[in-house]
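Read left to right, the sequence shown gives residues 1 to 375 (the UniProt record's numbering). All C-beta atoms, glycine included, are put in the ideal place defined by N, C-alpha and C. Input: a single structure, listed below in structure tokens.
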Amino acid sequence: MAAISLHKVVKRFGEVETIHGIDLDIKDGEFTVFVGPSGCGKSTLLRLIAGLEEITDGTISIGDVDVSHAEPGDRGVAMVFQSYALYPHMTVEENMGFGLKMADVEPSKIKKQVKHASDVLQLGPLLSRKPKELSGGQRQRVAIGRAIVRDPEVFLFDEPLSNLDAELRVEMRLQIANLHSHLGNTMVYVTHDQVEAMTLADRIVILRDGRVEQVGTPMDLYYKPGNKFVAGFIGSPKMNFIDAIATDIDGFQVSLTLPDGQNVSLNINVDTCKKGDKIKLGIRPEHIQLVSGESNALTLSFHADNVERLGNSTYLFGHYQNFDGFKVHIPSDQQVKRGDNMDLYIEEDNLHLFDEQGLSIRDYDSIVAIKEFCG
Ligand SMILES: Nc1ncnc2c1ncn2[C@@H]1O[C@H](COP(=O)(O)OP(=O)(O)OP(=O)(O)O)[C@@H](O)[C@H]1O
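What follows is the structure, given as structure tokens:
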């Protein structure tokens with residue numbers, strides 16, 4: 001096991017800089033997930049840690065060792081890719097032991113390591129099969145097994161589940177979570193699937209255009225997004241954003257004018273905001289209610305253009321004022337049909353506020369503080 005530390009890491013491909021001076025500390029034994037939109041640099045960053053790409057500037061250390069310019073094989077890492085890349089003519093057992101065989105490891109030791117990995121992944125009954133006799137999920141387990149037999153300090157996963165169908169992905173996701181709790185190694189995992197990120201990660205690193213937008217536990221990123229990009233990226237369906245103008249700020253109170261002309265006064269502590277500022281108000285679809293409650297801060301008139309019933313819950317897609325594509329996630333027992341007009345209710349605690357640059361201006365810690373103060 002080993003901690004990983006990136007210090008001002010830069011990567012340029014020719015003239016083009018794609019990683020712009022990233023600082024990041026990954027703790028020993030932590031499961032860290034890199035997420036972000038396509039092209040943001042997730043795979044490049046992982047490959048820089050693995051040594052499959054050379055850094056242009058900065059340093060990378062694994063454990064106490066500076067590996068910035070070390071060969072991949074000398075870094076104590078094992079990587080699992082999206083494509084399993086198994087040798088078709090070899091059995092599962094031979095595939096798993098091949099790397100050790102090439103490194104001239106004794107056959108009895110190889111057998112022991114393969115046995116250990118196949119026990120961990122429940123591959124025992126499949127050891128004598130060839131890859132073509134395996135399902136996609138089983139093949140990916142063999143690829144993971146091949147990494148385990150090398151007994152690395154760090155596992156690096158590059159979208160390992162993206163070739164699998166939806167059901168298998170869920171199964172393999174659970175297997176990888178079990179693997180981490182069983183082995184306890186430091187693991188870094190790249191995905192663009194936010195469900196994988198939320199469910200697997202101890203900490204998520206959200207990347208955008210080669211920079212880190214925010215690092216935090218899944219729940220921190222969900223409840224306390226540092227900016228509008230993170231708020232929109234984490235959560236499904238995505239957070240709704242509506243425009244507002246700050247008309248008054250007074251300590252723990254901020255007054256806003258909404259697009260429908262209503263003025264609302266919120267008991268919210270904002271860090272940096274002044275009268276006349278344009279604000280984006282963020283509202284998660286699942287934080288909207290159709291029934292008025294005691295602590296509602298906001299009521300919005302909504303028209304449902306579309307209704308999707310999934311059985312366990314219902315999604316409404318519609319508009320509030322001129323905000324098309326406004327999304328609402330409600331329990332399935334609520335009777336709503338396409339074309340209905342209704343009021344939406346949102347509680348104060350569930351509102352997010354962003355300034356014109358997209359930075360969060362809500363002091364999230366004061367939510368807890370105010371609650372504690374008020375008992
Ligand atoms: N070998 C390369 N030569 C030139 N540019 C590259 C190379 N590899 C990656 N890039 C560029 O670096 C940027 C980051 O790519 P990367 O593959 O790391 O993104 P990603 O976030 O993993 O994307 P995806 O989710 O689509 O796999 C992209 O703009 C890509 O075009």
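Original post:
How many Å lie between H329 and V291 at the Cα?
Top reply: Roughly 13 Å separates the two Cα atoms.
**OP:** Could you tell me how far apart the beta carbons of V77 and I49 are, in whole angstroms, since I believe they sit closer than 8 Å?
**Re:** In this structure V77 touches I49 by the C-beta definition: roughly 7 Å separates them, less than 8 Å.
**OP:** Tell me the start and end of each unbroken beta strand (DSSP E) in the stretch 190-255 that is at least 3 residues and wholly inside, in chain order.
**Re:** Listed in chain order, they are 203-208, 211-216 and 240-250.
Original post:
Helix or strand or just coil, what does DSSP make of N322?
Top reply: Three-state DSSP puts N322 in coil, outside helix and strand.
Original post:
Counting along the chain, where does the alpha helix (DSSP H) carrying F81 start and finish?
Top reply: Segment: none, F81 is in no alpha helix (DSSP H) and carries neither H nor E.
Original post:
If you draw a straight line from the alpha carbon of T314 to that of K337, how long is it in whole angstroms?
Top reply: Their backbone Cα atoms lie some 11 Å apart in a straight line.
Original post:
When the distance is taken between beta carbons, is I62 closer than 8 Å to T44?
Top reply: Their beta carbons are not under 8 Å apart, which means T44 does not touch I62 by this criterion.
**OP:** Go through the stretch 135-191 residue by residue and report every complete run of the alpha helix (DSSP H) that reaches 4 residues or more, in order.
**Re:** Runs found: 136-149 and 166-183.
Subject >> Beta-carbon proximity of residue 442 to N95, cut-off 8 Å >> reply: Since the first residue shown for the chain is 1 and the last is 375, residue 442 is missing from the structure and cannot be characterised.
Original post:
What is the residue span of the beta strand (DSSP E) that G97 lies within?
Top reply: Counting along the chain, G97 sits inside no beta strand (DSSP E); it lies in the alpha helix (DSSP H) bounded by residues V92 to M102.
Subject >> Whole-angstrom distance between V195 and E133, CA atom to CA atom >> reply: C-alpha of E133 to C-alpha of V195: approximately 30 Å in a straight line.
Original post:
So who's on the other strand from H303, going by DSSP bridges?
Top reply: DSSP, once it has assigned bridges, lists H319 and N341 as partnering H303.
**OP:** Taking K111 as part of the alpha helix (DSSP H), name the residues at either end of that continuous run.
**Re:** Its alpha helix (DSSP H) spans residues P107 to V120.
**OP:** Could you give the DSSP three-state label for E308: helix, strand or coil?
**Re:** When DSSP states are grouped into helix, strand and coil, E308 belongs to the strand group.
**OP:** Measure the alpha-carbon distance for E53 versus F326 and round it to whole angstroms.
**Re:** Going by the C-alpha atoms only, they are around 42 Å apart.
Subject >> Neighbourhood of L164 by C-beta distance below 8 Å, restricted to the same chain and skipping five residues each side >> reply: G136, G137, Q140 and M172, listed in sequence order.
Subject >> Continuous alpha helix (DSSP H) stretch holding T44: start and end >> reply: Looking at the DSSP string, the run of the alpha helix (DSSP H) that includes T44 is K42 to A50.
Subject >> Cβ distance (whole Å) where residue 377 is taken to contact R208 below 8 Å >> reply: Because the chain in this structure spans residues 1 to 375, residue 377 falls outside the shown range and cannot be described.
Original post:
Under the DSSP definition of a beta bridge, which residues are partnered with R12?
Top reply: DSSP lists E17 as partners of R12.
Original post:
Comparing alpha-carbon positions, which option in D349, V149, N341 and E286 lies nearest N240?
Top reply: When each option's Cα is compared against that of N240, the closest is E286.
Subject >> Supposed contact pair A2 and V154 - C-beta distance, whole angstroms, cut 8 Å >> reply: Sure, about 6 Å apart at Cβ, within 8 Å.
Original post:
How would you call V16, buried or exposed, if buried means at least 16 neighbouring beta carbons within 10 angstroms?
Top reply: Classification for V16: exposed.
**OP:** Check whether the stretch 28-36 touches the stretch 121-131, counting contact only when three or more Cβ pairs, one atom from each stretch, lie closer than 8 Å.
**Re:** These segments do not touch.
**OP:** Taking only heavy atoms of ligand 1 into account, decide whether any of them is closer than 7 Å to the Cβ of S43.
**Re:** Flag set: Cβ of S43 near ligand 1.
Subject >> C-alpha distance - Q334 paired with V307, whole-angstrom precision >> reply: Distance between the alpha carbons of Q334 and V307 is about 11 Å.
**OP:** Classify P107 as buried or exposed, calling it buried when 16 or more other Cβ atoms lie within 10 Å of its own Cβ.
**Re:** Counting Cβ neighbours within 10 Å, P107 comes out exposed, since fewer than 16 surround it.
Original post:
Does the stretch 224-239 come close enough to the stretch 256-274 that 3 or more CB-CB pairs lie under 8 Å?
Top reply: Output reads no: the stretch 224-239 does not touch the stretch 256-274.
Original post:
Short check: CB of H303 to CB of N341, under 8 Å?
Top reply: Against a cut-off of 8 Å, the Cβ pair of N341 and H303 comes out as a contact.
Original post:
Does the Cβ-Cβ distance between I161 and V188 come in under 8 Å?
Top reply: The amino acid at residue 161 is misidentified as Ile; the sequence shows Leu. For the pair L161 and V188, the CB atoms are not nearer than the 8 Å cut-off.
Original post:
Would you call R182 buried or exposed, if buried means 16 or more other Cβ atoms sit within 10 Å of its Cβ?
Top reply: Inspection of the sequence shows that residue 182 is occupied by His rather than by Arg. With fewer than 16 neighbouring CB atoms inside 10 Å of its own CB, H182 falls in the exposed class.
**OP:** List the DSSP bridge partners of L6.
**Re:** For L6, which the question treats as bridged, DSSP gives the partners L24 and I60.
Subject >> Cutoff 7 Å; reference F229; Cβ partners in own chain excluding five residues on either side >> reply: Closer than 7 Å at the Cβ level, and outside the excluded window around F229, lie R208, E213 and G358.
**OP:** Indicate, with yes or no, if ligand 1 has a heavy atom lying under 7 Å from the CB of V33.
**Re:** Answer for V33: no, Cβ out of range of ligand 1.
**OP:** Starting from H352, follow the beta strand (DSSP E) in both directions and report where the run begins and ends.
**Re:** Residues L351 to F354.
Original post:
Where DSSP assigns a beta bridge to H329, which residues make up the other side?
Top reply: Looking at the DSSP assignment, H329 forms a beta bridge with Y315.
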